[in-house]
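Report on one structure; see the data block that follows.
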Amino acid sequence: MRKLFNFTMTIIAFLLLACLPALFDDQRFSFLNYLNALKSTFLYIFHPQDIIFTNKISHVERSLFPFFIEPWINTIVILFAALLLAFIVSLLFTYLLYVNDHIKKWYLKINTVLSIIPDIFYIPFSISLVILFYRYTDILLFNVANSSEDKALIFPILVLSIIPLVSSVTFLSSILDDVSRADYIEFSRTKGLSNVELYFKHILRNLFASYLINFKHIIWITLSSLLLLERIFNMHGLLSFIFDYGSPEVLFVTFILIYAPVSLAIFMSHKVLFTITGVRGGLS
Numbered sequence: 001m002r003k004l005f006n007f008t009m010t011i012i013a014f015l016l017l018a019c020l021p022a023l024f025d026d027q028r029f030s031f032l033n034y035l036n037a038l039k040s041t042f043l044y045i046f047h048p049q050d051i052i053f054t055n056k057i058s059h060v061e062r063s064l065f066p067f068f069i070e071p072w073i074n075t076i077v078i079l080f081a082a083l084l085l086a087f088i089v090s091l092l093f094t095y096l097l098y099v100n101d102h103i104k105k106w107y108l109k110i111n112t113v114l115s116i117i118p119d120i121f122y123i124p125f126s127i128s129l130v131i132l133f134y135r136y137t138d139i140l141l142f143n144v145a146n147s148s149e150d151k152a153l154i155f156p157i158l159v160l161s162i163i164p165l166v167s168s169v170t171f172l173s174s175i176l177d178d179v180s181r182a183d184y185i186e187f188s189r190t191k192g193l194s195n196v197e198l199y200f201k202h203i204l205r206n207l208f209a210s211y212l213i214n215f216k217h218i219i220w221i222t223l224s225s226l227l228l229l230e231r232i233f234n235m236h237g238l239l240s241f242i243f244d245y246g247s248p249e250v251l252f253v254t255f256i257l258i259y260a261p262v263s264l265a266i267f268m269s270h271k272v273l274f275t276i277t278g279v280r281g282g283l284s
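Be aware that the sequence shown starts at 1, since it is given in UniProt numbering, and climbs by one per residue.
Laid out in structure tokens, this is it:
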């Protein structure tokens, strides 16, 4: 019942938020116009096939569905591919931190610098590196923007993965320090287990659980960065509809289609976490 209530309140919040642009009709505040937008958008919930939008370039009216499907797939693929890549690399990197003190020493120095750099700067910095490399070598490693002929896919995934990767490695390295000093780890070490055996038999489980506990935060900061990424790379993604097509019904559908897979991923992470730890919501 509580989950149903939370879901209903989320939908209502999306509806109220999507209709906010209607408050200002011709640069004048109009609450009546807002109420009319709420009514019409609510009715579209039952007839989504009737939603139309006007293309800003061709000025041609088109039905939102099935046109919406391709940008939705593009956004979801890039988002979850970046999250998966960051997850794998972060676990591999924490393994290197555990077994190699030299790497850990350099990481601590670099992380001190990275901690004062806003996440938003990673995106233009990565693009600049590719452009500079192309300028001096005439080798284009990746497409840095969408065109009519080629789509930029691999590079946006790599760039976007930097955001969750830095965040994941930061808190996983902290968890690694705490776990590696735990009594049961020291006891296992006295029994002759190597660092590799300790990592895969004991530490990895704790790191995986800690990642799942922080997954909600990770996915939302990644999603917020994806919003900027789609604009920079000229990507035909779902989030571009927030800027390009600001009608209440289009915004409402956009919010729902973003929220649905993200909330499903968070729900599944909680299920996996419960399977690992036996505790709802995390480790005791």
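The beta-carbon is built from N, C-alpha and C at its ideal position, and this holds for glycine as well.
Figure out for me which residue from S240, I45, V250 and S167 has the closest Cα to the Cα of N74.
-> S240
Spatial neighbours of K216 in its chain, beta-carbon cut-off 7 Å, leaving aside the 5 residues before and after = I266
DSSP on S63, reduced to helix/strand/coil?
-> strand
Drop a sphere of 10 angstroms on the beta-carbon of M235, count the other beta-carbons inside from all chains shown, and report buried for 16 or more, exposed for fewer.
-> buried
Indicate, with yes or no, if the ligand ZN has a heavy atom lying under 6 Å from the CB of L239.
-> This structure simply doesn't include the ligand ZN, nor any ligand for that matter.
Rounded to a whole number of angstroms, what is the C-alpha to C-alpha distance between I76 and L212?
-> 19 Å
How would you label T190, buried or exposed, when you count the other beta carbons within 10 angstroms and need 16 or more for buried?
-> exposed
Spatial neighbours of D178 within its chain, please: CB distance less than 7 Å, with the 5 preceding and 5 following residues excluded, ordered by chain position.
-> none
Determine the contact status of S269 and S168, defining contact as a CB-CB distance below 7 Å.
-> no
Are P248 and A13 touching if we call contact CB-CB under 7 Å?
-> no
When we look at the beta-carbon of S225 and count the other beta-carbons within 10 Å, is it buried (16 or more) or exposed?
-> buried
Could you pull the start and end residues of the beta strand (DSSP E) that F208 belongs to?
-> Run containing F208: none in the beta strand (DSSP E); it sits in the alpha helix (DSSP H), L204 to I213.
Is it true that the segment 41-53 meets the segment 110-123, where meeting means three or more beta-carbon pairs spaced less than 8 Å apart?
-> no
Contact set for I258: own chain, Cβ-Cβ below 8 Å, skip 5 residues either direction = T75, L223, L238 and L239
I52 in three-state terms, based on DSSP | strand
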